[in-house]
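S.K.: So for the sequence shown, the numbering used here puts the first residue at 6; every next one is plus one.
Even for Gly, the Cβ is constructed at its ideal location relative to N, Cα and C.
Predicted model only: the values in this text are computed from it and were never measured.
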Amino acid sequence: MSDSMVTSLFWESVVLGNLDLLKNFLEKGGNINSVNYKGESILLVAATSGHLPLVEYLVENGADVNLAGSGKHTPLITASQRGHLEIVQFLLDHKAEIDSATVDGENSVLVSLASGNLHITEFLIEKGANINCADCDGINLLHIAAKIGSLKITKVLLEKNLNVNAATIEGESALFMAAASGNLHIVKYLLKKGADINQKNKNGATPLFNAVAKAQFEVIKYLIKKGADLSVRDELGNSVVMIATRFQQIDIIRYFLSKKLDINAQNDDGMSPLCIASVFNNMLLVKFLLENGADVNNASCEKWKPIYTATLEGNFELVKYLVDNKAEANGKYLVVAASRGFLELVEYFVILGLEVNYYGRNKETALFVAVCDDHFDVVKYLISSGADVNIADDDGKAALFMSAFNGNLDITKHLVDHGAEVNMCTEDGATPLHAASAKGHFEIVKYLIEKRANVNMANMMGATALYEATCGGYINIVKFLIDNNADVNIVATENHYSPLLAAVQNGYFDIITCLLEHGADINIVNAHNNNVLHYAADEGLLDLVRLFVSRGVEVNKVDDDGDTPLLWAAESGHVEVCDFLKEHGADTTVVNKKGATVDTFLASKLSQLYQS
6 MSDSMVTSLF WESVVLGNLD LLKNFLEKGG NINSVNYKGE SILLVAATSG
56 HLPLVEYLVE NGADVNLAGS GKHTPLITAS QRGHLEIVQF LLDHKAEIDS
106 ATVDGENSVL VSLASGNLHI TEFLIEKGAN INCADCDGIN LLHIAAKIGS
156 LKITKVLLEK NLNVNAATIE GESALFMAAA SGNLHIVKYL LKKGADINQK
206 NKNGATPLFN AVAKAQFEVI KYLIKKGADL SVRDELGNSV VMIATRFQQI
256 DIIRYFLSKK LDINAQNDDG MSPLCIASVF NNMLLVKFLL ENGADVNNAS
306 CEKWKPIYTA TLEGNFELVK YLVDNKAEAN GKYLVVAASR GFLELVEYFV
356 ILGLEVNYYG RNKETALFVA VCDDHFDVVK YLISSGADVN IADDDGKAAL
406 FMSAFNGNLD ITKHLVDHGA EVNMCTEDGA TPLHAASAKG HFEIVKYLIE
456 KRANVNMANM MGATALYEAT CGGYINIVKF LIDNNADVNI VATENHYSPL
506 LAAVQNGYFD IITCLLEHGA DINIVNAHNN NVLHYAADEG LLDLVRLFVS
556 RGVEVNKVDD DGDTPLLWAA ESGHVEVCDF LKEHGADTTV VNKKGATVDT
606 FLASKLSQLY QS
C-alpha cells in the first residue's frame, strides 16, 4: 500500500472517528500535530467531525489545542460552528484560546451564534468570551442575534451594555438586520432599548429601506408607527416608494401611497417609480402606478421615460399600453426600435405616424442604424415606408457605406435597388467601394463595380480602393480591381504612398508581384523620400531586396533623415541584407543626420544580442 493511500485512509479514519487507527498511527511514530493537504491538524479534523473520544485522546497526548488550519480556524472555532458543545467544553478546559479569530475576524462565539448554536453561544459568554468582538466586516454579536431573531441573546447582550446602535463597516446597526430579516419582536425590543430608528448606513438608507427591500410589511408598518422618516432619500435620491417599485411590491407601494407619498418624485438620475417599473418590464406594476396618478411622461431625460425603456427592451404590449395612456412618442423611439431589430415595434411606430426619416444629434436615422446592425427585415420595411436611403450621418456615412463596411450583400443590393448612390462619399471622401475593399468583402466589391462604382475615386487622403485592399492584404480584391481598370500608380496625397509601397511595407509578396506585373512604378518614393528598397531592407525581406536591385531600384537612395536602405537594414540587424546591398554597390561610408553609420548600427545590435 502506497504512502498516499495510507495517508488518505488515515484522514478518512479520523473523520469517521476511528480511535484504534489513530492510536496505531501515533504508536508507530506518527506526528500528533500532523496536518493534511488543507493545512488541518488531526485535532482540528476530529473536533470538526464531533468525535469527543479522539479529541480527548489527542489533547491528553500533547496535541496543540490552538493549532490553526487554513484561514486560522482553530479546533474551538470549528467545534463551536458545528454545535459540538462537549468538545467546546473540553477544549476550553484544556486552555483553548476562547477569543482566537480567523483571518476574517470570526471567533468561536461569533460563528456559534451565526450557525444558530445558541446553547454554545451562551456557554461561551458564560466562560468569558469577548462580547464586544466583531469580524472584519464589523458584524458583531448583536447584529447576528438580530438577524437570526434570537431575543434571548439580544437581551443578554444589551443587558451587558453592548451599544445598540453599533454599526458594521457598511454603517448598519442591529435594527437594520432585524428589519431586513422581518424579526418584528427584535425590532420592537431594539427600539425599546434606544435603537435609532432613522440611523443611516453608508448608502444613506435607513432600517425602513431594508424592510422595504425585503418586503417585510409588518416591520414597515411598525417602523412608520414608531416614527420612521418617510421623507428620507438614500445617496442616489431614492425614496422608499422607489425601493418598493424596484423590488416590484405593489402592496407596499399602495400602503405608502395611502401615507400621501409622492408617486411622481424622481431620484438623482431623474427616474420616477413609473420609470423604474418600466425598466423591469412589469406591466402589472406599470398599470397600477398609472391608475394611481403616475405621470406617464415624467422623467428628467429621454432615456428614463417609460416608453423609451419599454422600447429598448422590445416590450410591444407595454409600449402600446403607454401610448394608449398618453405617452408622448417621437422619432427617437423609432430609431431605438430599428437599432434593436424590433420589427413589430418599428411597424407600430410608423403606423402611429412617427417620422420615418427622423434623425437625432448624430444624424442617424432608423434606416441607418438598422443597416449598421444587419436587421434586413427592418431595412426592407423602412424603405417600403419611405425611408430615404441616402441620408448621411454627421461623418457623411450613408446606409450603403455601412452595409459595404459590414459585408452584408443582401442589404447592399436592396439599398442600391432602391436608389442608394454608389459613389456617395463620406466627409473623408471615402466611398462604399473603399469600405468594402478595406474590409475584404470581395462579393460586395464585385457588386459595386458591376453597379458602376468609380474604381479610381480617391478619399481625402488620396487613397483609392486599390490602396485600401493592398493595405489589408486582400489579393483577390487587388486583382479584381486591377482587372477593372484600377490605376496602380495613384499616390496617396497625405503620405505619398502608392499601393506598391504599402504592399512592400507589409511584406505582401503576391500583391507586390501582381502590382509590378501591371505596371506599378518601382521607383516611387513616399513623402519622406523612402523607396521600396528602404522598406524591404528594414523588414529583412532578402528576396524582395534582390528583386528590386535586379530591377534597378536606387541602392543608395537617401531619405529626408539621411538614411539609405543599407542603414535601415543595419539598424534592424539584418546582416544578410546588409551583405547583399554591399555586394551591389551600397555606400558603406554614408552617415545619417544623427551621425549614425552602418558600423554603429550593427555594433549596437550586436551589443543588444549579447545583453539578452
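Can you give the beta carbon distance from Ser390 to Val361, rounded, assuming they're within the 8 angstroms contact cut?
M.R.: Working through the sequence shown from its first residue, we reach residue 390 at position 385. Working through the sequence shown from its first residue, we reach residue 361 at position 356. Indeed they touch by this definition, with Cβ atoms about 5 angstroms apart.
S.K.: For Thr107 and Asn215, I'd like the C-alpha separation in whole angstroms.
M.R.: One-based indexing of the sequence shown puts residue 107 at position 102. One-based indexing of the sequence shown puts residue 215 at position 210. Going by the C-alpha atoms only, they are around 29 angstroms apart.
S.K.: Identify every run of the alpha helix (DSSP H) within the segment 40 to 103, keeping only runs that are complete inside it and at least 4 residues long; order them along the chain.
M.R.: With a minimum length of 4 residues, the continuous alpha helix (DSSP H) runs that stay inside the segment 40 to 103 are 47 to 54, 57 to 65, 80 to 87 and 90 to 98.
S.K.: Give me the Cβ distance between Val603 and Leu572, rounded to the nearest whole Å; I'm assuming they're in contact under 8 angstroms.
M.R.: Indexing the sequence shown from 1 puts residue 603 at position 598. Indexing the sequence shown from 1 puts residue 572 at position 567. The pair is a contact, with the Cβ atoms about 6 angstroms apart (cut-off 8 angstroms).
S.K.: Lys337 lies in the alpha helix (DSSP H); which residues open and close that run?
M.R.: What you label residue 337 is simply residue 332 of the sequence shown in a count that begins at 1. Note, Lys337: alpha helix (DSSP H), Gly336 to Arg345.
S.K.: Mapping the DSSP letters down to three states, classify Val427 as helix, strand or coil.
M.R.: Your numbering for residue 427 matches position 422 in the sequence shown. Correct three-state label for Val427: coil.
S.K.: When burial is assigned at 16 or more other CB atoms within 10 Å of the CB, is Ala311 buried or exposed?
M.R.: Here residue 311 refers to the residue found at position 306 of the sequence shown. The sequence given here has Pro at residue 311, not Ala. Per the 10 Å Cβ criterion, buried.
S.K.: If I measure Cβ to Cβ from Leu420 and keep anything under 7 angstroms in the same chain, skipping five residues before and after, which residues do I get?
M.R.: Here the question's residue 420 lines up with position 415 in the sequence shown. Cβ within range, chain order: Val394, Ala404, Leu405 and Ser408.
S.K.: CA-CA distance, Asp25 and Asn66?
M.R.: Numbered from its first residue, the sequence shown carries residue 25 at position 20. Numbered from its first residue, the sequence shown carries residue 66 at position 61. If I take the Cα positions, the gap works out to 14 angstroms.
S.K.: With distance defined between alpha-carbon atoms, name the residue in Asn287, Lys325, Met288 and Ala332 nearest to Ala304.
M.R.: Translated into positions along the sequence shown, residue 304 becomes position 299. Out of Asn287, Lys325, Met288 and Ala332, Ala332 has the C-alpha closest to the C-alpha of Ala304.
S.K.: Determine the burial state of Ile125: buried for a count of at least 16 other Cβ atoms within 10 Å of its Cβ, exposed for fewer.
M.R.: As a position in the sequence shown, residue 125 is number 120, starting the count at 1. Burial call: buried.
S.K.: DSSP puts Asn511 in a beta bridge; with which residues?
M.R.: As a position in the sequence shown, residue 511 is number 506, starting the count at 1. In the DSSP output, where bridge partners are listed per residue, Asn511 has none listed.
S.K.: Alpha carbon to alpha carbon, how far is Ala342 from Leu350? Give it in angstroms, no decimals.
M.R.: Within the sequence shown, numbered from 1, the residue matching residue 350 stands at position 345. Within the sequence shown, numbered from 1, the residue matching residue 342 stands at position 337. Approximately 6 angstroms, taken between the alpha carbons.
S.K.: Can you name the start and end residues of the alpha helix (DSSP H) that Cys476 belongs to?
M.R.: Position 471 of the sequence shown, counted from the start, is the residue given in the question as residue 476. First-last of the alpha helix (DSSP H) with Cys476: Ala470 to Gly477.
S.K.: So, at 7 angstroms on beta carbons, what are the nonlocal neighbours of Thr316 in its own chain, with the 5 sequence-adjacent residues on each side left out?
M.R.: Counted from its first residue, the sequence shown places residue 316 at position 311. For Thr316, where only same-chain residues beyond five positions count, the Cβ hits under 7 angstroms are Val324, Tyr338, Val341, Ala342 and Leu350.
S.K.: Tell me the residue span of the alpha helix (DSSP H) that contains Asn215.
M.R.: Your numbering for residue 215 matches position 210 in the sequence shown. Taken as a continuous stretch (DSSP letters only), the alpha helix (DSSP H) holding Asn215 covers Pro212 to Ala218.
S.K.: Would Leu520 and Pro504 be called neighbours here (beta carbons separated by less than 8 angstroms)?
M.R.: Translated into the one-based positions of the sequence shown, residue 520 becomes position 515. Translated into the one-based positions of the sequence shown, residue 504 becomes position 499. Yes, Cβ-Cβ distance for Leu520 and Pro504 is below 8 angstroms.
S.K.: Using only the alpha-carbon positions, how far apart do Leu14 and Gly88 sit?
M.R.: Counting from one through the sequence shown, the residue named residue 14 turns up at place 9. Counting from one through the sequence shown, the residue named residue 88 turns up at place 83. Leu14 and Gly88: Cα-Cα distance of roughly 26 angstroms.
S.K.: Could you work out which residue in Gly524, Cys476, Ala474 and Met466 is closest to Asn500 when comparing CA atoms only?
M.R.: Reading the sequence shown from its first residue, position 495 is the one you call residue 500. Of Gly524, Cys476, Ala474 and Met466, the residue nearest in Cα terms is Met466.
S.K.: For Ser75, which residues in the same chain have their Cβ closer than 6 angstroms to its Cβ, ignoring the five residues on either side in sequence?
M.R.: By 1-based counting over the sequence shown, the position of residue 75 is 70. Here the set comprises Lys43 and Gly44.
S.K.: Less than 8 angstroms between the C-beta atoms of Glu224 and Ala249, yes or no?
M.R.: Here the question's residue 224 lines up with position 219 in the sequence shown. Here the question's residue 249 lines up with position 244 in the sequence shown. Residue identity check: residue 224 is Val in the sequence provided, not Glu. No.
S.K.: Rounded to the nearest angstrom, what separates Val246 and Ala218 at their Cα positions?
M.R.: For the purposes of this step, residue 246 is taken as the residue at position 241 of the sequence shown. For the purposes of this step, residue 218 is taken as the residue at position 213 of the sequence shown. Roughly 10 angstroms separates the two Cα atoms.
S.K.: What number of angstroms, rounded off, separates the C-alpha of Arg556 from the C-alpha of Gly600?
M.R.: As a working mapping, residue 556 is identified with position 551 in the sequence shown. As a working mapping, residue 600 is identified with position 595 in the sequence shown. Going from the Cα of Arg556 to the Cα of Gly600 covers about 30 angstroms.
S.K.: Between the C-alpha atoms of Gly121 and Gln94, what's the straight-line distance to the nearest angstrom?
M.R.: Here residue 121 refers to the residue found at position 116 when the sequence shown is read from its first residue. Here residue 94 refers to the residue found at position 89 when the sequence shown is read from its first residue. In a straight line, the C-alpha of Gly121 is about 18 angstroms away from that of Gln94.
S.K.: In terms of residues, what are the limits of the alpha helix (DSSP H) holding Asn528?
M.R.: Mapped onto the sequence shown, residue 528 falls at position 523. Element bounds for Asn528: n/a, residue is neither H nor E.
S.K.: By the three-class DSSP mapping on this structure, what secondary structure does Asn208 have?
M.R.: The sequence position of residue 208 within the sequence shown is 203, counting from 1. It is coil, neither helix nor strand.
S.K.: In whole angstroms, what is the alpha-carbon distance linking Arg251 and Lys165?
M.R.: As a working note, residue 251 is residue 246 in the sequence shown. As a working note, residue 165 is residue 160 in the sequence shown. Cα-Cα distance, rounded: 40 angstroms.
S.K.: How about Leu348 and Asp379: are their beta carbons less than 8 angstroms apart?
M.R.: The residue labelled residue 348 in the question sits at position 343 within the sequence shown. The residue labelled residue 379 in the question sits at position 374 within the sequence shown. Result no, Cβ atoms of Leu348 and Asp379 do not sit closer than 8 angstroms.
S.K.: Exposed or buried, which one is Thr370 when buried takes at least 16 other CB atoms within 10 Å?
M.R.: As a first step, residue 370 must be located in the sequence shown, where it is residue number 365. Buried, by the Cβ-count rule.
S.K.: Bridge partners for Ala185 per DSSP, in chain order?
M.R.: Counting from one through the sequence shown, the residue named residue 185 turns up at place 180. Note: Ala185 sits in no beta bridge, so no partner.
S.K.: Here's the rule: buried if 16 or more other CB atoms are within 10 angstroms of the residue's CB, otherwise exposed. What is His56?
M.R.: Position 51 of the sequence shown, counted from the first residue, corresponds to residue 56. It counts as buried.
S.K.: Over the uninterrupted alpha helix (DSSP H) stretch that includes Ile37, give me the two end residues.
M.R.: Indexing the sequence shown from 1 puts residue 37 at position 32. Counting along the chain, Ile37 falls outside any alpha helix (DSSP H), and DSSP gives it neither H nor E.
S.K.: By Cβ distance, which residues of its chain are closer than 6 angstroms to His579, with the 5 residues on each side in sequence left out?
M.R.: Here residue 579 is taken as the residue at index 574 of the sequence shown, counted from 1. Around His579: Gly545.
S.K.: Decide if Leu289 is buried, meaning its Cβ has at least 16 other Cβ atoms within 10 Å, or exposed.
M.R.: Here residue 289 refers to the residue found at position 284 when the sequence shown is read from its first residue. Flag for Leu289 reads exposed.
S.K.: Pop quiz: Lys207 and Gly187 are said to be a contact at Cβ under 8 angstroms. What is the actual Cβ separation, rounded to whole angstroms?
M.R.: To locate residue 207, count along the sequence shown from 1; it is residue 202. To locate residue 187, count along the sequence shown from 1; it is residue 182. The pair is not a contact, with the Cβ atoms about 23 angstroms apart (cut-off 8 angstroms).
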